[in-house]
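Written out below as structure tokens is the structure these notes cover.
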Amino acid sequence: MSAMQHLLAVGGDAAAFFRMGGYAAYVWPAYAVFFAVLVADTLAPRLRRRRILRELRGRLTRQAARERRATSVSRSP
Amino acid sequence: MSRASLPRACAAMLRRDLLLAWRRRGDLAMPVLYAVIVVVLFPFALGPDLALLQRIAGGVVLVTVLLAMLLALDAMFASDIEDGSLEQLVLAPQPLALMLGMKILAHWLATALPLVVIAPLLAGMLHLPTTAIPALLLALLLATPLLSLLGAVLVALTAGTRRSGMLLALMLLPLCVPVVIFAAGAVAAAQEGLPWFAPVAWLGAALILCVVLAPLACAAALRIALDA
Amino acid sequence: MSKWIPLWLHKLGSPPTFYRFAGAVRPWAMGLALLAGAIGLYGGLVLAPADYQQGDAYRIIFIHVPSAWMSMFVYAVMGVSGFMALVWRMKLAEVVAMESAPIGAAFTFITLVTGSLWGKPMWGTWWTWDARLTSELVLLFLYLGVIGLYHAFEDRRQGARAASFLAIIGVINVPIVHYSVVWWNTLHQGSTVNVFGHSKMAWDMLWPLLVMTLATKAYYAASLCRRARTDLLALEGGKDWVRQIAEAEATP
Numbered sequence: 001m002s003a004m005q006h007l008l009a010v011g012g013d014a015a016a017f018f019r020m021g022g023y024a025a026y027v028w029p030a031y032a033v034f035f036a037v038l039v040a041d042t043l044a045p046r047l048r049r050r051r052i053l054r055e056l057r058g059r060l061t062r063q064a065a066r067e068r069r070a071t072s073v074s075r076s077p
Numbered sequence: 078m079s080r081a082s083l084p085r086a087c088a089a090m091l092r093r094d095l096l097l098a099w100r101r102r103g104d105l106a107m108p109v110l111y112a113v114i115v116v117v118l119f120p121f122a123l124g125p126d127l128a129l130l131q132r133i134a135g136g137v138v139l140v141t142v143l144l145a146m147l148l149a150l151d152a153m154f155a156s157d158i159e160d161g162s163l164e165q166l167v168l169a170p171q172p173l174a175l176m177l178g179m180k181i182l183a184h185w186l187a188t189a190l191p192l193v194v195i196a197p198l199l200a201g202m203l204h205l206p207t208t209a210i211p212a213l214l215l216a217l218l219l220a221t222p223l224l225s226l227l228g229a230v231l232v233a234l235t236a237g238t239r240r241s242g243m244l245l246a247l248m249l250l251p252l253c254v255p256v257v258i259f260a261a262g263a264v265a266a267a268q269e270g271l272p273w274f275a276p277v278a279w280l281g282a283a284l285i286l287c288v289v290l291a292p293l294a295c296a297a298a299l300r301i302a303l304d305a
Numbered sequence: 306m307s308k309w310i311p312l313w314l315h316k317l318g319s320p321p322t323f324y325r326f327a328g329a330v331r332p333w334a335m336g337l338a339l340l341a342g343a344i345g346l347y348g349g350l351v352l353a354p355a356d357y358q359q360g361d362a363y364r365i366i367f368i369h370v371p372s373a374w375m376s377m378f379v380y381a382v383m384g385v386s387g388f389m390a391l392v393w394r395m396k397l398a399e400v401v402a403m404e405s406a407p408i409g410a411a412f413t414f415i416t417l418v419t420g421s422l423w424g425k426p427m428w429g430t431w432w433t434w435d436a437r438l439t440s441e442l443v444l445l446f447l448y449l450g451v452i453g454l455y456h457a458f459e460d461r462r463q464g465a466r467a468a469s470f471l472a473i474i475g476v477i478n479v480p481i482v483h484y485s486v487v488w489w490n491t492l493h494q495g496s497t498v499n500v501f502g503h504s505k506m507a508w509d510m511l512w513p514l515l516v517m518t519l520a521t522k523a524y525y526a527a528s529l530c531r532r533a534r535t536d537l538l539a540l541e542g543g544k545d546w547v548r549q550i551a552e553a554e555a556t557p
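Protein chains in written order, with the numbering used here: chain F, 1 to 77; chain D, 78 to 305; chain U, 306 to 557.
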């Protein structure tokens, strides 16, 4: 609330702030690109990490199943 | 392995590569044909306006030669990697950098030299003034070995990979920007009747530097890429 | 490895230790990045006065210039760690070099886009073949070449070493490109725009810029930590410590 009041006091009003002195069409897309690219850069490794761990767990499960089968086969005769 | 046999090994390497290139001379004609086709297409795209063609002639010939060289660059070590002779070369007692230098020289003689030879013809098709032809030829004679040497380092880096054509172009572009700037600068200066020695001297300096360093870098890159 | 490298660096070079270290550093770096970013943007967008020549359009500077600095800083980090990867064959140096490349490419891309968004109202054109702009574009191509070469190899460590070599070639190449374009521009006089004739900046405008620079640096540290952790998990897939993490994070 106080930040908004400060913004109103300094920048006149919020509409003028968003108009950016007539340069809104350039300033805001620039900031949008900045944040979009950095958010994508943050999300990409998160997804990759999830995929790597999922694949690893799958491999471990398969390996465990194979070992169980191997021991049961060697025990059966 | 005695010292005296080193020149003989170099000569043998050069002879072998040139002979292999000659056996497949159909492939040698491809870059030349490509360059001619590209240059022929320009007047159709831009119109037969003499002044316009004259203005762009030097740059178009240089870029065309560069692209034609890029087309042939991919195959520099390809067959040697396939039949394993490159790995033999890595293990050979002769210094690898020197042997690779010979291979680069052979590749330049086989693919770039024909392009330099037909460059005046290409320039003539675009009405480049004859006064600028010496500058163009000298710039090409210095710029094409430079591109071969820089390209060889990158080809060596991609030696261990399967798809490399587009990647090679992407990697070569940053390296060839200064070469294109100085070579085209020399031709443009000659066309305007200005002294064109300075950019050619820069090209020459870069070439001397690359002749010494590029084979060494190429050998290092090849050792990395083949994990030797 | 040489003896003069202190012991703690050896220890940090081991993947599980670095994994824990990066995990501890990352939240702090990200927190610092968000805090500094919020302060810097508030200072830049709200508190700083409009420029008497450029009006409010100059406010793009608060993301453009820090991104441009980062694009070069990250390349330097990539070059140095690539050199270490080649000389000492450190696995961690390979990871740092290769995981820096996408972040650096992101910052270079931001620099180019915000620069042309700034250039359009100021010089009336999206793009000019100025030495700085051309060098930045070449830098983007270098980043893409490094990323492309890294992914072209089937063996990841071999790919990392080859791409590190390419990064080192690029370190030599960027100044050459810069100065050759400067020379080229003096040859083709006429269309050059004197873009960077900045006089001294007012303090009101300078401090948000410096705070934003700190924010991007902290963001890079945070992003690098996350990426390096992820990459280490992929590289060390068969090891016990990764297995424990995989089992601990199994979704019930």
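C-beta atoms are modelled at their ideal positions from N, C-alpha and C, and glycine is treated no differently.
| Query | Result |
| --- | --- |
| Kindly indicate if chain U contains any beta-carbon less than 8 Å away from that of D/SER63. | For residue 63 of chain D there is no data in the structure shown, the boundaries of chain D being 78 and 305. |
| Could you tell me the alpha carbon to alpha carbon distance between U/MET335 and U/ALA327, rounded to whole angstroms? | 12 Å |
| What's the C-alpha gap between D/THR235 and U/LEU444? | 20 Å |
| Give me, in chain order, the residues of the same chain whose beta-carbon lies closer than 6 Å to that of D/THR141; leave out the 5 immediate sequence neighbours on both sides. | ALA112, VAL115 and VAL116 |
| In whole angstroms, give me the CA-to-CA distance for D/LEU173 and U/LEU454. | 23 Å |
| Distance check for D/LEU163 and F/LEU43, CA to CA, integer angstroms please. | 43 Å |
| Which residues in chain U have a C-beta closer than 8 Å to the C-beta of D/LEU252? List them in chain order. | ILE474 and ASN478 |
| Could you give the distance in angstroms between the alpha-carbon of D/LEU250 and the alpha-carbon of D/THR221? | 14 Å |
| For U/HIS315, does the count of other Cβ atoms within 10 angstroms reach 16, so buried, or fall short, so exposed? | exposed |
| Please confirm whether U/ILE452 and U/ALA406 have their CB atoms less than 8 Å apart. | yes |
| Quick one: what does DSSP say U/ASN499 is sitting in, helix, strand or coil? | Any answer about U/ASN499 is weak, because its pLDDT of 47 lies below 50 and its placement is not dependable; what the coordinates show is given next. In the structure shown, U/ASN499 sits in coil (DSSP, three-state: anything other than H, G, I, E or B). |
| Assuming U/ALA457 contacts U/GLY464 (C-beta within less than 8 Å), just tell me the rounded distance between them. | 7 Å |
| What's the gap between the Cα of F/ARG48 and the Cα of U/THR535? | 7 Å |
| Can you check whether the C-beta of U/PRO426 is within less than 8 Å of a C-beta belonging to chain F? | yes |
| In chain U, which residues lie with their C-beta within 9 Å of the C-beta of D/SER156? | Within chain U, no residue comes near D/SER156; the closest Cβ sits about 20 Å away, beyond 9 Å. |
| Pull up the DSSP beta-bridge partners for U/ASP356, would you. | U/GLY360 |
| Does any residue of chain U have a CB that is nearer than 8 Å to the CB of D/THR221? | no |
| So, using beta-carbon positions, are D/ALA145 and D/PRO197 closer together than 8 Å? | no |
| Using CA coordinates, which residue listed in D/THR208, D/ALA212 and D/SER225 is at the minimum distance from D/PHE274? | D/ALA212 |
| Less than 7 Å between C-beta atoms, sequence neighbours within five positions excluded: which residues of the same chain meet that for U/ALA523? | ALA334, LEU337, ALA338 and ALA341 |
| Should F/GLY11 be flagged as near chain U, meaning a C-beta pair shorter than 8 Å? | Residue placement at F/GLY11 cannot be trusted, given a pLDDT of 48 that sits under 50; what the coordinates show is reported in the next sentence. True, the Cβ-Cβ gap to chain U drops below 8 Å. |
| Please list, in chain order, all residues of the same chain as U/HIS483 whose beta carbon is under 6 Å from its beta carbon, the five residues on each side excluded. | ALA436 and SER440 |
| Closer than 9 Å by beta-carbon distance: list the chain F residues that pair up with U/VAL487, in chain order. | The contacting residues do not exist; U/VAL487 stays about 27 Å from chain F at best. |
| What residue range is occupied by the uninterrupted alpha helix (DSSP H) comprising U/THR419? | 396-428 |
| In this structure, does DSSP put U/SER440 in helix, strand or coil? | helix |
| Could one say the Cβ of U/GLN549 lies closer than 8 Å to chain D's Cβ atoms, at least one of them? | no |
| Is D/TRP279 helix, strand or coil by DSSP? | helix |
| So, for D/LEU148: in the same chain, excluding its five sequence neighbours on each side, which residues have a beta-carbon less than 8 Å away from its beta-carbon? | MET107, PRO108 and TYR111 |
| Select from the region 360-384 of chain U all residues with a C-beta closer than 8 Å to any C-beta belonging to chain A, and list them in chain order. | The structure shown contains no chain A; its protein chains are F, D and U. |
| Under a CB-based cut-off of 8 Å, is F/THR71 close to chain U? | no |
| Check the Cβ of F/ALA15 against every Cβ in chain U and list those closer than 8 Å, keeping chain order. | Neighbours of F/ALA15 on chain U: none; closest Cβ ~13 Å, over 8 Å. |
| Once the 5 residues before and after U/VAL500 are set aside, which same chain residues still bring their CB inside 7 Å of it? | The predicted position of U/VAL500 is uncertain, since its pLDDT is 48 and thus under 50; no value can be drawn from it. |
| Nearest to U/ILE474 by alpha carbon, out of D/LEU231, D/HIS184 and D/ILE210? | D/LEU231 |
| Nearest-angstrom Cα distance between U/TYR448 and U/GLY409? | 7 Å |
| Between the C-alpha atoms of D/MET202 and D/ARG132, what's the straight-line distance to the nearest angstrom? | 13 Å |
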